[in-house]
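Student: My questions all concern the structure below.
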Amino acid sequence: MHVPLVLTDFLDRAVELYGEKPAIIDDHHILTYSQLNNRVNQLSRGLKDLQIQKGDKVAYLAPNSTEMLEGFYGVFQVGAIMTSLNTRLKPDDYKFILTHSESKVLFVDEELYPLVEPILSDIPQLEKVIIHGAPSGGHEGYDQWRNQFSTETFDREELDESDIACLLYTSGTTGNPKGVLLSHRSNYLHALSAMHHLRVSDQDTLLHVLPMFHVNGWGSPFYYTMNGATQVMLRKVEPEAILNKISKHKVSVLHMAPTVLNMILEQYEVMNIDIDQKVRIVIAGSAPPPAFVRKVEEELGWEFIQVYGMTEISPLITTSALRGSEKNLPKEEQYLLKAKTGYAMVGSKVKVVDELGEDVPADGKSIGEIATRSNNVMEGYYKNPEATNETIRDGWLYTGDMAVVDERGFIEIVDRKKDVIISGGENISSIEVEGALYDHPSILEAAVVAVPHEKWGEAPHAVIVVRENHSLSEEELKNYCRAKLAHFKVPKSYSFVEELPKTASGKIQKVVIRKELWKGEDKMVR
């Protein structure tokens with residue numbers, strides 16, 4: 001028997017088993033799974049009324065909200081493709097993505113509408129804009145529009161697991177964004193793998209900290225819905241609001257980037273707040289220093305879980321959760337392991353290979369590129385076969401992340417290919433240098449990038465955010481780093497800033513830093 005793996009199954013299961021349980025807690029209301037399903041049916045009927053057909057693209061520009069989550073299932077029911085937009089782009093970026101994706105409908109939050117208003121007249125194939133909130137610019141408000149339609153069970157478009165569910169655009173740091181095509185099957189199997197490793201159950205309450213537009217919030221609207229978990233919405237990433245919601249709603253699990261975790265750790269120190277439930281923090285986006293793990297588990301008493309992936313893989317393929325006897329190791333060794341990229345999740349094969357495609361030795365020193373073979377892998381880049389063929393070769397997807405493998409089989413990223421600093425012929429991992437800097441008690445955030453150097457070609461440069469009421473000098477930092485790092489790895493120069501540039505998910509944008517530091521150079525490498 002062949003039963004297609006389609007994402008509409010997940011809400012169906014939640015309604016059948018948890019219909020009267022709270023599904024969504026938003027700033028304005030609480031909805032059960034049955035009520036959420038009614039709204040989804042209204043949305044699907046509305047899309048059908050707009051003549052949206054199977055395979056059409058429906059774009060969303062919204063923060064984490066009820067409207068964003070119900071969009072996934074309402075769009076899927078008509079066989080359309082969810083195209084989620086990053087909330088921190090510029091008008092020209094939205095113009096490119098909406099045009100390239102051929103989106104026919106755009107749902108946009110009223111607070112974000114000014115970001116797209118200037119370019120809407122330049123996108124002729126965009127047939128309808130609907131505002132989450134009050135009507136604006138001649139466009140209808142979402143609730144009034146949706147409430148025209150019946151909540152009765154929607155007669156769905158027939159779906160196959162190979163049908164595209166999502167079209168997601170990468171950050172485009174080296175040119176125009178690339179559209180990643182993910183099928184129902186890829187997202188479905190990813191959900192089963194992720195829920196297993198993250199131990200998701202109907203006892204969980206998830207706080208949506210990670211933006212849902214970012215690789216579908218790492219697939220969280222799928223596997224938390226499937227398990228009937230309660231999902232708490234967070235419109236803006238504010239550490240005080242996060243901690244208050246964790247306490248008020250007895251949140252048990254959160255997903256985020258390390259920089260957001262850093263903000264929470266800082267805020268926790270100044271807030272007198274009661275959080276007595278068990279909490280799991282799921283981290284990905286960049287390698288966290290072991291000091292973060294120590295703080296989470298010793299000071300907050302929460303569980304730290306590191307995962308790894310990328311948009312092109314739905315996205316998660318590894319976890320660093322400890323196995324068996326590793327839980328008996330000394331705490332510091334456990335923290336070192338938990339901060340690593342980890343080992344393959346169920347359903348994914350993951351390896352680290354040299355330039356000849358051979359596995360690197362498991363010695364913790366030999367560097368290679370992470371490659372994966374998985375059901376999670378994208379169908380390709382939309383309208384870009386050349387980039388697809390560069391990324392997927394001989395049945396493996398090459399991530400561009402450089403890593404080592406230790407004797408336990410734990411992978412550890414040492415850098416992105418483009419972030420490895422080559423100084424005087426020596427390879428320097430910016431992540432290693434950042435890890436040393438984060439151990440300094442006066443450093444809140446740090447980013448290390450290559451800068452031009454007359455003698456060595458390029459050299460490491462550290463950009464530092466100092467903690468409030470602390471002070472640091474360049475000479476102090478040089479002496480500190482010399483005591484912790486090999487001499488050639490010590491940053492040759494430093495700059496101090498109020499904040500580091502970040503993506504909407506909280507990942508530090510090194511490309512922005514590099515561009516500023518390499519001004520006047522023909523290219524950002526020597």
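Just so we're aligned: 169 in UniProt numbering is position 169 of the sequence shown, and the numbers increase by one with no gaps anywhere. Quick reminder that beta carbons are idealized off the backbone N, C-alpha and C, glycines included.
Does the structure place the stretch 28–44 close enough to the stretch 67–87 that three or more beta carbon pairs sit under 8 Å?
Tutor: Output reads yes: the stretch 28–44 touches the stretch 67–87.
Student: If you follow the beta strand (DSSP E) that Arg373 is in, where does it begin and where does it stop?
Tutor: As a first step, residue 373 is located in the sequence shown; it is residue number 373 there, counting from the start. Looking at the DSSP string, the run of the beta strand (DSSP E) that includes Arg373 is 368–374.
Student: Please name the residue, chosen from Glu407, Pro290, Tyr494, that lies closest to Asn479 on a Cα-to-Cα basis.
Tutor: Along the sequence shown, one-based indexing puts residue 479 at 479. Measuring from the Cα of Asn479, the nearest candidate turns out to be Tyr494.
Student: Taking Phe10 as part of the beta strand (DSSP E), name the residues at either end of that continuous run.
Tutor: In the sequence shown, the residue the question calls residue 10 occupies position 10. Not the beta strand (DSSP E): Phe10 falls in the alpha helix (DSSP H), residues 8–18.
Student: I'd like the list of long-range same chain contacts for Leu517, defined as Cβ closer than 6 Å, with 5 residues on each side in sequence excluded.
Tutor: Counting from 1 along the sequence shown, the entry for residue 517 is found at position 517. These residues qualify, in order along the chain: Val451.
Student: Quick one: using the 10 Å Cβ neighbour count with 16 as the cut-off for buried, is Asp419 buried or exposed?
Tutor: Within the sequence shown, numbered from 1, the residue matching residue 419 stands at position 419. So Asp419 ends up on the buried side.
Student: Roughly how many whole angstroms lie between the Cα atoms of Phe10 and Glu303?
Tutor: Counting from one through the sequence shown, the residue named residue 10 turns up at place 10. Counting from one through the sequence shown, the residue named residue 303 turns up at place 303. Roughly 27 Å between the two C-alpha positions.
Student: Since I believe Ile508 is in contact with residue 598 (beta carbons under 8 Å), could you give me their beta-carbon distance rounded to a whole number of angstroms?
Tutor: Outside the displayed range of the chain (1 to 526) lies residue 598, so it cannot be described from this structure.
Student: By DSSP, does Val116 sit in helix, in strand, or in coil?
Tutor: Here the question's residue 116 lines up with position 116 in the sequence shown. Of the three classes helix, strand and coil, the one that applies to Val116 here is helix, per DSSP.
Student: Mind checking Met310: buried by the 16 CB within 10 Å criterion, or exposed?
Tutor: Position 310 of the sequence shown, counted from the start, is the residue given in the question as residue 310. Looking at its Cβ environment, which holds 16 or more other Cβ atoms inside 10 Å, Met310 is buried.
Student: With a threshold of 8 Å on Cβ separation, who are the neighbours of residue 545 within its own chain once the five nearest residues in sequence on each side are excluded?
Tutor: Outside the shown range of the chain (1 to 526) lies residue 545, about which nothing can therefore be said.
Student: Give the secondary structure of Gln203 by DSSP, where H, G and I count as helix, E and B as strand, and everything else as coil.
Tutor: Reading the sequence shown from its first residue, position 203 is the one you call residue 203. Three-state DSSP puts Gln203 in coil, outside helix and strand.
Student: Are at least three pairs of beta-carbons, each pair with one atom in the stretch 282–296 and one in the stretch 178–185, less than 8 Å apart?
Tutor: Taking 8 Å as the limit for Cβ pairs, the verdict is that the stretch 178–185 does not touch the stretch 282–296.
Student: CB Pro211 to CB Ala504, shorter than 8 Å?
Tutor: Taking the first residue of the sequence shown as position 1, residue 211 is located at position 211. Taking the first residue of the sequence shown as position 1, residue 504 is located at position 504. Cβ atoms of Pro211 and Ala504: closer than 8 Å.
Student: Whole angstroms are fine: how far does the CA of Met82 sit from the CA of Ser101?
Tutor: Within the sequence shown, the letter at position 101 stands for residue 101. Within the sequence shown, the letter at position 82 stands for residue 82. Spanning the two alpha carbons is a distance of roughly 10 Å.
Student: Are there 16 or more other CB atoms within 10 angstroms of the CB of Thr174, so buried, or fewer, so exposed?
Tutor: Counted from its first residue, the sequence shown places residue 174 at position 174. Because the pLDDT of Thr174 is 47, which lies under 50, any placement of that residue in the model is unreliable, and the question is left without a value.
Student: Tell me the DSSP secondary structure of Thr173 in three-state form.
Tutor: In the sequence shown, counting from the first residue as 1, residue 173 sits at position 173. At Thr173, the pLDDT of 44 sits below 50, so the modelled position is not reliable and the matter cannot be decided from this model.
Student: Tell me the DSSP secondary structure of Phe496 in three-state form.
Tutor: Taking the sequence shown and counting its residues from 1, one reaches residue 496 at position 496. It is a strand residue.
Student: Nearest to Val449 by alpha carbon, out of Asp122, Tyr268, Asn427?
Tutor: Walking along the sequence shown from the start, residue 449 turns up at place 449. Val449 has its Cα closest to that of Asn427, out of Asp122, Tyr268, Asn427.
Student: Quick check on Ser348: buried or exposed, where buried means 16 or more other Cβ atoms within 10 Å of its Cβ?
Tutor: Against the sequence shown, residue 348 aligns to sequence position 348. Buried, since its Cβ has 16 or more Cβ neighbours within 10 Å.
Student: Compute the beta-carbon to beta-carbon distance between Val105 and Leu50, rounded to the nearest angstrom, for a pair I have assumed lies under 8 Å.
Tutor: The count along the sequence shown starts at 1 and reaches residue 105 at position 105. The count along the sequence shown starts at 1 and reaches residue 50 at position 50. That pair is a contact at about 6 Å.
Student: Here's the rule I'm using: 16 or more other beta-carbon atoms within 10 Å means buried, otherwise exposed. How should Pro124 be labelled?
Tutor: By 1-based counting over the sequence shown, the position of residue 124 is 124. Pro124 is exposed by the Cβ-count criterion.
Student: On the CB-based measure, 16 or more other CB atoms within 10 Å of its CB, does Val232 come out buried or exposed?
Tutor: The count along the sequence shown starts at 1 and reaches residue 232 at position 232. With 16 or more Cβ atoms within 10 Å of its Cβ, Val232 is classed as buried.
Student: Which residue or residues does DSSP assign as beta-bridge partners of Glu458?
Tutor: Against the sequence shown, residue 458 aligns to sequence position 458. Looking at the DSSP assignment, Glu458 forms a beta bridge with Pro452.
Student: In this structure, how does DSSP classify Ile275 when only helix, strand and coil are distinguished?
Tutor: To locate residue 275, count along the sequence shown from 1; it is residue 275. Note: Ile275 maps to coil in three-state DSSP.
Student: Thinking just about the alpha-carbon of each residue, which of Trp456, Arg280, Tyr382, Leu485 is nearest to the one in Glu297?
Tutor: Counting from one through the sequence shown, the residue named residue 297 turns up at place 297. Closest option to Glu297, Cα to Cα, is Arg280.
Student: I think Ser423 touches Trp456, with their Cβ atoms under 8 Å apart; what is that distance to the nearest whole Å?
Tutor: Position 423 of the sequence shown holds residue 423. Position 456 of the sequence shown holds residue 456. That pair is a contact at about 5 Å.
Student: Could you check what DSSP says for Asp419 in three-state terms: helix, strand or coil?
Tutor: As a working note, residue 419 is residue 419 in the sequence shown. Reduced to three states, the DSSP call for Asp419 is helix.
Student: DSSP puts Asn427 in a beta bridge; with which residues?
Tutor: In the sequence shown, counting from the first residue as 1, residue 427 sits at position 427. Ile422.
Student: Please specify which runs of the alpha helix (DSSP H), each continuous and at least 4 residues long, are wholly inside the stretch 286–373, giving them in chain order.
Tutor: Runs found: 290–294, 331–338.
Student: Using only CA atoms, which one of Leu43, Glu358, Val129, Cys166 lies nearest to Asp155?
Tutor: For the purposes of this step, residue 155 is identified with residue 155 of the sequence shown, where counting begins at 1. For Asp155, the nearest C-alpha among the options comes from Leu43.
Student: Report the option in Leu444, Glu454, Val490, His487 whose CA atom is closest to the CA atom of His470.
Tutor: Working through the sequence shown from its first residue, we reach residue 470 at position 470. That would be Leu444, whose Cα lies nearest to the Cα of His470.
Student: In three-state DSSP terms, what is residue 529?
Tutor: Only positions 1 to 526 of the chain appear in this structure, which leaves residue 529 out of reach.
Student: Please classify Gly179: does DSSP put it in a helix, a strand, or coil?
Tutor: In the sequence shown, the residue the question calls residue 179 occupies position 179. Strand, per DSSP.
Student: Excluding the 5 residues flanking Gly395 on each side, which residues of the same chain have their C-beta closer than 7 Å to its C-beta?
Tutor: Numbered from 1 along the sequence shown, position 395 holds the residue referred to as residue 395. These residues qualify, in order along the chain: Arg373.
Student: Need the endpoints of the beta strand (DSSP E) that Leu254 sits in, please.
Tutor: In the sequence shown, residue 254 corresponds to position 254, counting from 1. Where Leu254 is concerned, the enclosing beta strand (DSSP E) stretches over 253–256.
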